[in-house]
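Residue numbers (this note's numbering): 289 to 569.
Glycine included, every Cβ here is placed at the ideal spot set by N, Cα and C.
Values in this document were obtained by computation on a predicted structure and should not be read as measured data.
Okay, structure first, notes after.
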Amino acid sequence: MRLIMPAVLALVFAGWALPGKAQTLQVEYQVTLAGLPLGKADLTSTFEGSKYKMQAGVKLSGLAKLLTGGKGAATATGAIVGAQPQPASFAITSRSSDDQRTVRMGLTSGNVDAVEIDPPLEEKADRVPVKDADKKGVVDPISALLMPAAGSANLTDAANCNRTIPVFDGAARFNIVLSYSETKQADVPGYQGPVLVCKARYVPISGHRALRPSTKFMQDNKDMSVWLVPLDRQKLLVPLRVSVRTMIGVSVVEASRWNFEDTAKAVPISADGATKAGAFR
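As structure tokens, then:
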């Protein structure tokens with residue numbers, strides 16, 4: 289899921305909120321693997337001016353839940369500044385039937401200040417060391433879902449696909465490289481209209497297990513894509529569907545319901561939330 293989620297969604301915004309006016313994006317996703325239902329995911333993002341607060345969750349169901357008990361939740365705060373988000377805090381907890389791990393991270397201007405992983409990762413001889421330079425100019429996996437539009441181009445312009453997202457999840461540094469593939473028409477609850485289809489590639493930088501077959505598979509994987517929906521009034525591109533071939537079949541994360549609206553009732557984001565490492569409170 290760490291590899292999927294950074295490519296799952298893109299939120300693009302420029303000059304978008306009135307002072308004191310919050311905007312909320314709520315999306316529910318169905319997750320399948322090799323055509324079989326795997327579970328659900330959800331994302332709630334609240335925007336106030338340039339600041340954002342995001343909450344995401346994944347919960348497996350059916351046989352997947354029975355076998356693994358898997359579920360996870362993540363939060364991120366920060367601000368949209370320039371060409372990419374500048375996160376301030378990130379936290380994620382993943383659980384299985386016999387394991388749980390929590391990662392907390394604080395950042396300033398795209399640079400990592402502190403990371404806490406509990407329990408710590410095991411030492412492995414083939415793990416590529418993370419250098420200090422790998423923690424600069426990055427976004428966390430949840431903030432990576434926010435991608436400012438390419439210049440003043442129309443939202444359906446191919447240029448909005450072509451970008452490289454530098455991601456650091458607290459343990460591994462990797463790039464998600466997107467490129468334009470085609471434009472399609474979509475019809476799902478909450479949206480009917482054009483979508484940009486972007487190809488996606490995974491490029492490991494550090495922190496990964498270099499000798500793992502899964503690392504080699506994902507590095508060579510050319511069967512990954514994301515569909516982006518343009519929202520003209522808000523100047524946003526929102527991902528509708530992500531498809532990733534895994535070693536056991538194609539995983540698809542697709543919106544089953546979404547709503548994006550201006551609302552004064554949304555939970556406001558405090559000034560501290562976008563400037564302090566909230567994950568370390």
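Check: Residue nearest to glycine 495 in terms of C-alpha spacing, selected from Gly323, Val416, Arg529 and Lys328; Outcome: Val416
Check: Chain-order list of residues whose beta-carbon lies under 7 Å from that of alanine 371 (same chain, five-residue window excluded); Outcome: Pro436
Check: Expected contact under 8 Å - CB spacing of valine 315 and tryptophan 546 to nearest Å; Outcome: 4 Å
Check: Proximity to aspartate 428 [Cα-Cα], best of Asp445, Leu443, Thr365 and Pro408; Outcome: Thr365
Check: Strand pairing of glycine 548, partner residues [DSSP]; Outcome: For the record, residue 548 in the displayed sequence is phenylalanine; it is not glycine. BP columns for phenylalanine 548 point to Leu313.
Check: Given glycine 425 as reference, the closest of Leu443, Ala432, Ala446 and Asn399 once Cα atoms are compared; Outcome: Asn399
Check: Where proline 482 sits in the DSSP three-state scheme; Outcome: strand
Check: CA nearest to the CA of valine 538, picked from Ile464, Lys472 and Asn509; Outcome: Asn509
Check: CB-CB length for alanine 362 against alanine 344, believed under 8 Å; Outcome: 5 Å
Check: Residues of its chain near leucine 354, where Cβ-Cβ distance is below 7 Å and the 5 sequence neighbours each way are ignored; Outcome: Bear in mind that the predicted position of leucine 354 carries a pLDDT of just 43, short of 50, making it unreliable; the figure below should be weighed with that in mind. None.
Check: Boundaries of the alpha helix (DSSP H) in which proline 571 is found, first to last residue; Outcome: Given a span of 289 to 569 for the chain in the structure shown, any question on residue 571 remains unanswerable.
Check: Distance CB(isoleucine 464)-CB(valine 483) smaller than 9 Å; Outcome: no
Check: Neighbour-count burial assignment, asparagine 442, 16 or more Cβ in a 10 Å radius; Outcome: exposed
Check: C-alpha gap between tyrosine 468 and valine 346, whole angstroms; Outcome: 28 Å
Check: Supposed close pair aspartate 457, valine 391 - CB separation, criterion 8 Å; Outcome: 7 Å
Check: Outcome for lysine 341 when other beta-carbon atoms lying within 10 angstroms are tallied against a minimum of 16; Outcome: buried
Check: Residue from Met393, Leu409 and Arg461 whose Cα sits closest to the Cα of alanine 402; Outcome: Met393
Check: As assigned by DSSP and simplified to three states, the class of alanine 447; Outcome: helix
Check: Asparagine 448 to arginine 500 span [Cα, whole Å]; Outcome: 33 Å
Check: Glycine 327 classed as buried or exposed, judged by whether at least 16 other C-beta atoms fall within 10 angstroms; Outcome: buried
Check: Backbone CA spacing between glutamate 404 and glycine 481 [nearest angstrom]; Outcome: 43 Å
Check: Which of helix, strand or coil DSSP assigns to serine 502; Outcome: helix
Check: Through-space distance from threonine 452 to alanine 543, alpha-carbon basis; Outcome: 23 Å
Check: For alanine 344, the first and last residue of its enclosing beta strand (DSSP E); Outcome: 339 to 348
Check: CA nearest to the CA of valine 517, picked from Ile493, Ser531 and Lys472; Outcome: Lys472
Check: Pairwise C-alpha distance: glutamate 336 and leucine 434; Outcome: 14 Å
Check: Short Cβ contact (9 Å threshold) for glutamate 549 with threonine 312; Outcome: yes
Check: Euclidean distance between Cα positions of alanine 498 and leucine 395; Outcome: 27 Å
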